[in-house]
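**Q**
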Amino acid sequence: MTAVAVLASAAPLTAGSVAAPVVISGRSSSRSMSLTPSAQRYTGYAAVAAATTPTNPGVFAPDPALHLLRRATFGPRPSDIASIRRDGIDAWLSRQLNPGRIADPLGDSAWSMFPLASATPAQVRAQTAAYSWDAMIATAMATLGRQIFSTRQLYEQVADVFANHLHVAIPAEGWDTSSSYIGDVIRPFAMGRYRDMLLAAMRHPAMLLFLNNDVSTKAMVNENLGRELLELHTVGLGGGYTEAEVVQSAKVLTGRTITDGAFSYNSDAHWTGPLAVMGWSSPNATAAGGLAVGDSYLAYVANHPATARNIARKLAVRFVSDQPPTALIDRMAQSYLAHDTDIRAVLDTLFRSPEFWASVGQKSRRPLDDLVGAARVLDMLPGPKAADVLVTIQTLYWVVRDNGHAPLGWDPPNGYPDVAAAWNNAGSLVNRFTMHRALVNQWWGGMAQAGPTQLVPVTPGMTAGQWVDALSLRLLGQPMAPAHRDAVLSFAQVTAGSPVANALWQAWGAVPLLFDSPYYQLR
Amino acid sequence: MTTTGPLASSATHSVAALQAAAGCQESQTQERERLWGKGFNRRRFLAGGLGVGVAALGSQLTTARVAYAAPGTTTGTLVVIFLRGGMDGLSLLVPGADPDLPTLRPDIAVPASRLIALDRGFGLHPSMAPLTSLIGAGRVAAVPAISTPDLSRSHFQAQDCLERGGAATGTQTGWLDRVLEVSGPGTTFRSVAVGGLMPRSLAGVDGAISFGSLAGLKIQGSGDGPWATATSAAIQTLYTGVADPIAAQAMLGTDAVTTAARLAVGAGGTTAAYPQGAFADSLKDVATLIKRGTGVRVACLDVGGWDMHTALGTVASGDMTSHVGDLAAALAADLGPLLDTTTIVTMSEFGRRVEQNASGGVDHGHGGVSLVIGGGVTGGVKGRWDGLSTAVLQQSGGDVPGANDYRDLLSEIVSKRLGLTAGVTAERLPGVAADVARCDGLRCPVRPVRPESSPPCSSGADRACGWRGTPAAPAPSGPPAPGRPGRPGRPKGCSASGTPTSAAAPP
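Protein chains in written order, with this note's numbering: chain A, 1 to 523; chain B, 1001 to 1507.
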């Protein structure tokens, strides 16, 4: 951790500020972090929260801090709740928006258990057999480990959004190229400038292979990447481009290829001649200049208003609702443009919006959110034996993969869907109910966490009802409605007035019900 | 040939709409021609623009009627088997009498002498032998040269187009969902997907349920008997009064768990011996659900492994022979009386090129083959077939043309099997009208993924899994703790055939 010193200057986030990107390397060998100097202390969120009434909160009690934790983290650990209660919404969010200020020893430790995570192509080739999945799987498992253990929860959420936005599937064909992608392209810029991320992606062998640009030449243009660049990565479907411009987009990128697993520019393959896409144009006269021409094109489309809306919408869908209000998207897009594609500026606008604070209960958990969230809410921590911790992280990866939502694991280039309708699936929900029992009852071992009877202190004279209430407060942050509380008591074959000891016998099956419930499944 | 006259099955489509569709398709094709003429695809779709619109229109005018023997069988179960990866129709339903096939496929064509004879000069792959008696009884129909309107040759786009029933841009629901929506309320198991994730064809609000296996459809760790019941009851109460779609899923899921538990103990399920393999396991679960009267109307199963760019093989050995054999053996295991009320249809996102490639395989093409089995089917080869002459292939860019439209076939099956009127079916499975709407975008609404230009077989390991099947997951490290229920099953990346896994397992 070398980050904190970089934060001395606290310039306000203003239009045109040219900030160095946040660099949080995924490499276990160089886990350093430098930060943009524009790390202002963000304020004003709590005031908006206080002035906003949730539209349709459903089961949720009015508590903006918990709303923020449900959205900005995979799930709050008790320490997260304590921290936001102690410091307030503004301080907590300001810290999360400046992840370099947050030490992350557990996240670092989880990541470093996978030496091949984010390995370079050369490292993968040197250390694994050809076509081995080892580096890809290690990277995906390390990502899961960090999501569970990292204190930089908002950053992990945003990194997940952009990993799915500029998506390269892991595992897939890129056995040697794809493991470094997340550390080279996504994580360094997730709290930085989108333009920088886009430029990095379009020079990364993993992306070039995933969308076939490595075989795209002037003689035989492959339009895959050129099309997805417009349709998925920047202006979006309906962004106003034509099929002819897709062709031009692909021509711009010809010559970006892979040599021995590394990015290279092959000028012989670059298509030369005038090109124009969506208002950008270049004489593109020389093959040697093709790479720079491409960068100018990428920078242009990154700063396009349609791209701004596309990025704004992605973030709003993650953090606000499946159908975010247009007015919010407009304001977020304006921030994106005014701040030179700075992702944090867009997030700042989002968290400052009444739309965000009104959206209580409008999102729901997907399988990965469910698994990681439950592990965190249960305060799962690494146990004393690193080897056992490793095995459990590996097992959790296969569990969530079984549920169709392994980190980075979506096959097509559009990333996992982020809306509930795509995940509404009763069979999958049943699997998740099983998962809750496994996590609560520690089937997999290796971790340090309180068992189901130890989650809340049992005091002398405590009733079963008081125990369920305490449990609700501990796991959900709020009490359940009487009928829902009764459902848990009834499962445990007790009434509210029964001695707590009678209920504790059924803690193994009662505690998971809280994770099954809408108080946890909705967010 | 049982093809009926023009528009017989499309009475709701006006001539004007047809003309508009023809114009639309023509302009689409010309646009593609223009792009691809500049080298934008490895292959050109059509050799020239001449007659393109008419050819496209032709597929709208023809219907691939499976010709139900007798009306009245309007209830029962539809089993949809999706062969992921682009099944090579010319290997399954072989035009043995075609003089051009042996020339175009010197190494991989199924010899005419080895075919299980059907009619019209076609025969089935010899690995279909387990179904011989059904074929002889006229209960197996096959439609060659069938496709969706999608022209992309992209696995993802073509699958999506097919599973949405060729619906227009903006339609997010699957064709089966839309069909089921109007077929009235049903049981928990009215629409099921067994063996994997929910297929796009069932996407929507219909309350379809997908699960890996019937045996796995339980909340593990919820204890035995009464505790499991209490768990489901508690979850249902927790979602009572909750106004969010997840509440319906929770109810559906717990209901299914309860029913599955009952099925696990009672008699009356299937007793047939099934072959090994994930597909056979899933099919056995479907048979159990049907036989136990759980009200299954639609069951979806996936079989991966059909993306055979290399080493398709011969009738003696190879991927095609083993895949078809596995499929046929599983299908044959338990059919019989069930077939009176069950219709099985296979589909695949596209067929493959006619000419074999340099790797002894075939690349992505267009027209494929659909099998329809049981449920009042009259057997034999249905639909339009133009042969594989040079003239035909020039027109189609080297593919089997999409002379028959999946939507026509599915419309007919749905209207008969699920008892929908022609008007309702047409509304739910939009054909020509959707083509008009698609004119706006000049292409199918979804993105192509890993088109053929991707190196699908770079490792040789993932090829057999189809594009979406990354190789089967290596075994996880560490068993569950002793005495605890096991974890849920592995996803079936490689599906039925148990073909290769990754080259190296994780630590």
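From the three backbone atoms N, C-alpha and C, an ideal C-beta is built for every residue, glycine too. Being a predicted model, the structure only gives us computed values, none of them experimental.
Would you say the beta carbon of A:D104 comes nearer than 7 Å to a heavy atom of the ligand FAD?
**A** Among the components modelled here there is no ligand, and therefore nothing to report on the ligand FAD.
**Q** Are the C-beta atoms of B:I1413 and some chain A residue less than 8 Å apart?
**A** By this cut-off, B:I1413 is not an interface position.
**Q** When the Cα atoms are used, what is the spatial distance from A:P457 to B:A1208?
**A** The straight-line gap from Cα to Cα measures roughly 42 Å.
**Q** Would you give the residue range spanned by the beta strand (DSSP E) that B:F1211 belongs to?
**A** Its beta strand (DSSP E) spans residues I1209 to F1211.
**Q** Do three or more CB pairs link the segment 386 to 396 of chain A to the segment 339 to 358 of chain A at distances below 8 Å?
**A** Because the criterion of three Cβ pairs below 8 Å is not met, the segment 386 to 396 of chain A and the segment 339 to 358 of chain A do not touch.
**Q** So A:H484 contacts chain B; which residues on that side make the cut at Cβ distance below 8 Å?
**A** Here the neighbours are T1237 and L1238.
**Q** I'd like to know whether the C-beta of A:Q521 is nearer than 8 Å to at least one C-beta of chain B.
**A** So, interface residue.
**Q** So who's on the other strand from A:Y265, going by DSSP bridges?
**A** Looking at the DSSP assignment, A:Y265 forms a beta bridge with A:R256.
**Q** State the start and end residues of the unbroken beta strand (DSSP E) segment that holds B:G1374.
**A** Looking at the DSSP string, the run of the beta strand (DSSP E) that includes B:G1374 is G1368 to G1374.
**Q** Which same chain residues end up closer than 7 Å to B:P1482 when comparing Cβ atoms and leaving out the 5 residues on each side of it in sequence?
**A** Residue confidence is low: B:P1482 scores 30 on pLDDT, short of 50, so the model does not pin down where it sits. Its coordinate-derived value is still stated next. Cβ neighbours of B:P1482 beyond the five flanking positions: none.
**Q** Using the Cα positions of A:A200 and A:G446, report the straight-line distance between them to the nearest angstrom.
**A** About 38 Å.
**Q** Just curious, the alpha helix (DSSP H) that A:M332 is in, first and last residue?
**A** It spans T326 to A338 - the alpha helix (DSSP H) in which A:M332 sits, taken as one unbroken run.
**Q** Roughly how many whole angstroms lie between the Cα atoms of A:Y131 and A:V124?
**A** Going from the Cα of A:Y131 to the Cα of A:V124 covers about 10 Å.
**Q** Does A:H67 come out as helix, strand or coil in the three-state DSSP assignment?
**A** The answer is helix: DSSP assigns A:H67 an H, G or I state.
**Q** Extract the residue ranges of the beta strand (DSSP E) inside the segment 1238 to 1319 of chain B, only unbroken runs of 3 or more that lie entirely within it.
**A** As far as the segment 1238 to 1319 of chain B is concerned, its whole beta strand (DSSP E) runs of at least 3 residues are 1298 to 1303.
**Q** Where do the N-terminal and C-terminal ends of the beta strand (DSSP E) with A:S282 fall, by residue?
**A** Here the beta strand (DSSP E) through A:S282 covers W280 to S282.
**Q** Report the three-state DSSP secondary structure of A:T349 (helix, strand or coil).
**A** A:T349: helix per DSSP, three-state reduction.
**Q** In terms of residue numbering, what span does the beta strand (DSSP E) encompassing B:M1347 cover?
**A** Counting along the chain, the beta strand (DSSP E) containing B:M1347 begins and ends at T1342 to M1347.
**Q** Closest by CA to A:G174, which one among A:A426, A:M136 and A:N502?
**A** Residue A:M136 is the option with its Cα nearest to A:G174.
**Q** Quick check on B:L1283 - is its C-beta less than 8 Å from some C-beta in chain A?
**A** Output row for B:L1283: interface = no.
**Q** Should A:A487 be flagged as near chain B, meaning a C-beta pair shorter than 8 Å?
**A** So, interface residue.
**Q** Going by alpha carbons, who is nearest to A:L298 out of A:T286, A:P324, A:T341 and A:M332?
**A** Ranking A:T286, A:P324, A:T341 and A:M332 by Cα distance to A:L298 puts A:T341 first.
**Q** Take every Cβ of the segment 410 to 424 of chain A, pair it with every Cβ of the segment 471 to 486 of chain A, and state whether three or more of those distances are shorter than 8 Å.
**A** No, because fewer than three Cβ pairs between the segment 410 to 424 of chain A and the segment 471 to 486 of chain A fall closer than 8 Å, the two stretches do not touch.
**Q** Could you tell me the distance, in whole angstroms, from the CA atom of A:T73 to the CA atom of A:P305?
**A** If you take the alpha carbons of A:T73 and A:P305, they lie about 29 Å apart.
**Q** Quick one: residues in its chain with C-beta nearer than 7 Å to the C-beta of A:K218, no 5 flanking neighbours on either side, listed in chain order?
**A** Answer for A:K218: T254, A269, H270 and W271, listed in chain order.
**Q** If you draw a straight line from the C-alpha of A:E245 to the C-alpha of A:A287, how long is it?
**A** Taking the straight line from one Cα to the other gives about 20 Å.
**Q** Is the number of C-beta pairs between the segment 1364 to 1378 of chain B and the segment 1105 to 1112 of chain B that are closer than 8 Å three or more?
**A** Judged by Cβ distances under 8 Å, the segment 1364 to 1378 of chain B makes no contact with the segment 1105 to 1112 of chain B, as fewer than three pairs qualify.
**Q** Pull up the distance between the alpha-carbon of B:E1412 and that of A:A438, whole angstroms please.
**A** Taking the straight line from one Cα to the other gives about 47 Å.
**Q** Helix, strand or coil for B:I1108? Go by DSSP, reduced to three states.
**A** The answer is coil: DSSP assigns B:I1108 none of H, G, I, E or B.
**Q** Evaluate the contact criterion for the segment 1393 to 1403 of chain B versus the segment 1132 to 1140 of chain B: three or more CB pairs, one atom per stretch, below 8 Å.
**A** The segment 1393 to 1403 of chain B, when compared against the segment 1132 to 1140 of chain B, does not touch it at the 8 Å Cβ threshold.
**Q** Count the other CB atoms within 10 Å of the CB of A:A8; is the residue buried (16 or more) or exposed (fewer)?
**A** At A:A8, the pLDDT of 27 sits below 50, so the modelled position is not reliable and the matter cannot be decided from this model.
**Q** If we define contact as Cβ-Cβ less than 8 Å, is B:G1221 a contact residue for chain A?
**A** Interface residue, yes.
**Q** Quick test of your reading: A:G409 and A:A140, contact by CB under 8 Å. State the CB separation rounded to the nearest angstrom.
**A** Rounded, the Cβ-Cβ distance is 6 Å, consistent with contact.
**Q** How about A:L35: is its C-beta nearer than 8 Å to some C-beta of chain B?
**A** Here A:L35 scores only 37 on pLDDT, less than 50, and its place in the model is too uncertain to base an answer on.
**Q** Would you report the Cα separation of B:F1211 and A:A312, rounded to the nearest angstrom?
**A** When rounded, the distance between both Cα atoms is 35 Å.
**Q** Which residues, taken in chain order from the segment 376 to 401 of chain A, show a beta carbon closer than 9 Å to some beta carbon of chain B?
**A** Under the 9 Å Cβ criterion, the segment 376 to 401 of chain A contributes D388, L390, V391, T392, Q394, T395, Y397, W398, V399 and R401.
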